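Quick note: to get our numbering, add 4 to the position in the sequence shown (first position is 1).
Even glycine gets a Cβ: it sits at the ideal position worked out from N, Cα and C.
Treat the numbers as computed from the prediction; the structure is a model and nothing was measured.
What follows is a single structure, written as structure tokens, with notes after it.
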Amino acid sequence: MEWSTPTIEILKRIKPSNYFGCDTSLAHIFLWRSMTNVQVAEQDGILFRYYDGRNTNVTGYGFPLGCGPAEGAAFFPLLKRDAKLRGVPMSFCLFDECQIKAMEEYCSVKWQSFSGDSDYIYNQENLATLAGRKLHSKKNHVNRFMRLYPDAEYRAIASHNTSDALAVAEQWIVEHREASGNTSMEEAEFGCIREALELREQLGLLGGILYVEDRPVAFTLASILSSQCLDVHFEKAIGDYARDGAYAVINQRFASSEEASAYKYINREEDMELPGLRKAKESYRPAFKVKKYSGRI
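Below, the structure is given as structure tokens:
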């Protein structure tokens with residue numbers, strides 16, 4: 005197997021998969037390649053991944069993409085030979101439960117999961133309508149923002165306004181630099197956002213920008229994860245607008261957009277065991293979570 009850093013050219017050759025985990029998003033694999041130090045190999049439209057352990061809990065081979073669980077698990081002997089040739093442990097990471105079940109035919113692995121790695125999956129309709137008692141507070145946040153800024157407007161992101169999304173990202177990172185002396189993760193994310201906007205069309209990203217008096221104050225960027233699900237990669241808001249509810253508004257407006265309405269689910273990714281982020285994600289009442297597992301033979 006010939007391993008290399010992910011490129012758009014390689015990823016374009018991969019057949020569609022139908023998983024829910026954000027790590028199976030080809031855009032996610034590409035944009036976070038430096039942070040995860042992932043290597044990929046492609047054979048006949050199948051993508052193989054190897055993570056070197058730079059990130060906690062992410063070490064070893066990811067499940068093959070571009071195929072279903074049964075076909076992917078059948079590549080186990082190939083991965084075993086590759087591990088032996090390269091002198092690396094036969095370890096796995098980022099497996100979901102259906103992928104683990106498929107692997108049981110080929111090997112016995114002791115799996116473990118970490119709650120901070122689980123992806124939050126929401127019903128698109130719930131995020132769009134915010135209907136019902138459980139989401140009433142979220143609707144109140146949106147309504148309050150619209151009372152404060154009645155001319156607020158959501159516009160789909162396109163080639164003519166990507167610079168507006170970048171302006172929001174630039175202000176967002178400035179605010180984080182001023183508020184905290186340790187912004188290494190935010191700096192890395194800002195780099196990913198900038199590249200995502202530069203390569204938006206090649207990566208097939210979609211999303212929108214929230215404006216107040218024609219000033220961009222929030223944006224979101226997502227990609228198509230499967231025939232049923234979108235994956236929200238980035239969502240940022242700035243200044244007083246963020247404090248006044250811009251995050252709730254950009255979330256709701258994107259979910260109710262024509263682009264998002266074509267999908268049943270929206271993946272809003274993991275909480276990284278950050279209490280504030282976990283509370284925010286739980287408050288939107290996920291339909292289910294995708295647990296991710298690591299293991300070693």
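Reduced DSSP secondary structure (H/G/I, E/B, other) of residue i
i      : result
Arg151 : helix
Phe98  : The residue asked about is misnamed: residue 98 is Leu in this sequence, not Phe. Leu98: strand per DSSP, three-state reduction.
Phe223 : strand
Glu277 : coil
Ile270 : strand
Leu51  : strand
Asp244 : helix
Lys293 : strand
Ser38  : helix
Glu46  : strand
Arg58  : coil
Glu6   : coil
Ser287 : helix
Ser141 : helix
N-terminal and C-terminal residue of the beta strand (DSSP E) that residue i is part of
i      : result
Tyr215 : Leu210 to Val216
Phe67  : Thr63 to Leu69
Ile161 : Segment: none, Ile161 is in no beta strand (DSSP E) and carries neither H nor E.
8 Å Cβ shell around residue i - same chain, five flanking residues per side excluded
i      : result
Ala78  : Tyr110
Asn22  : Gly72, Ser230, Ser231 and Gln232
Gln116 : Tyr297, Ser298 and Gly299
Arg37  : Thr9 and Pro10
Val113 : Phe96, Ile104, Met107, Gly299, Arg300 and Ile301
Phe80  : Met107, Tyr110 and Cys111
Ala192 : Ser38 and Met39
Contact set for residue i: own chain, Cβ-Cβ below 6 Å, skip 5 residues either direction
i      : result
Phe238 : Ile197 and Leu225
Phe67  : Gly76, Phe99 and Gln103
Ile33  : Pro10
His140 : none
Residue i - containing alpha helix (DSSP H), residue span
i      : result
Cys233 : That residue, Cys233, is in no alpha helix (DSSP H); its beta strand (DSSP E) goes Cys233 to Ala241.
Trp176 : Thr166 to Ala183
Gly195 : Ser188 to Glu202
Ile14  : Ile12 to Leu15
Arg257 : Ala250 to Ala259
Same chain, Cβ closer than 7 Å to residue i, five either side skipped, listed in chain order
i      : result
Glu199 : Leu35
Ile228 : Gly208 and Leu234
Ser260 : Ala132
Phe194 : Ala173 and Ile177
Any chain C beta carbon closer than 9 Å to residue i
i      : result
Met189 : Given the protein chain composition of this structure (a single chain), no chain C is represented.
Count Cβ pairs between the stretch 271–281 and the stretch 40–48 that sit closer than 8 Å; are there 3 or more? The stretch 271–281 vs the stretch 40–48: no contact.
Okay, do the stretch 167–179 and the stretch 214–223 touch, 3+ Cβ pairs below 8 Å being the bar? With a cut-off of 8 Å, the stretch 214–223 and the stretch 167–179 count as touching, because enough Cβ pairs lie within range.
Within the stretch 74–136, ranges of the beta strand (DSSP E) (whole runs, at least 3 residues): Counting whole runs of 3 or more residues, the stretch 74–136 contains the beta strand (DSSP E) stretches 95–99, 114–117 and 123–127.
Across the stretch 286–294 and the stretch 120–135, are there enough close Cβ pairs to call them in contact, namely three or more that are closer than 8 Å? In the pairwise beta carbon analysis, the stretch 286–294 is classified as touching the stretch 120–135: at least three pairs are separated by under 8 Å.
Quick check: the stretch 126–142 against the stretch 252–266, are at least 3 beta-carbon pairs closer than 8 Å? Cβ pair count under 8 Å is three or more, so yes.
Cβ contact (3+ pairs, closer than 8 Å) linking the stretch 238–252 and the stretch 139–157: Yes, the stretch 238–252 is in contact with the stretch 139–157.
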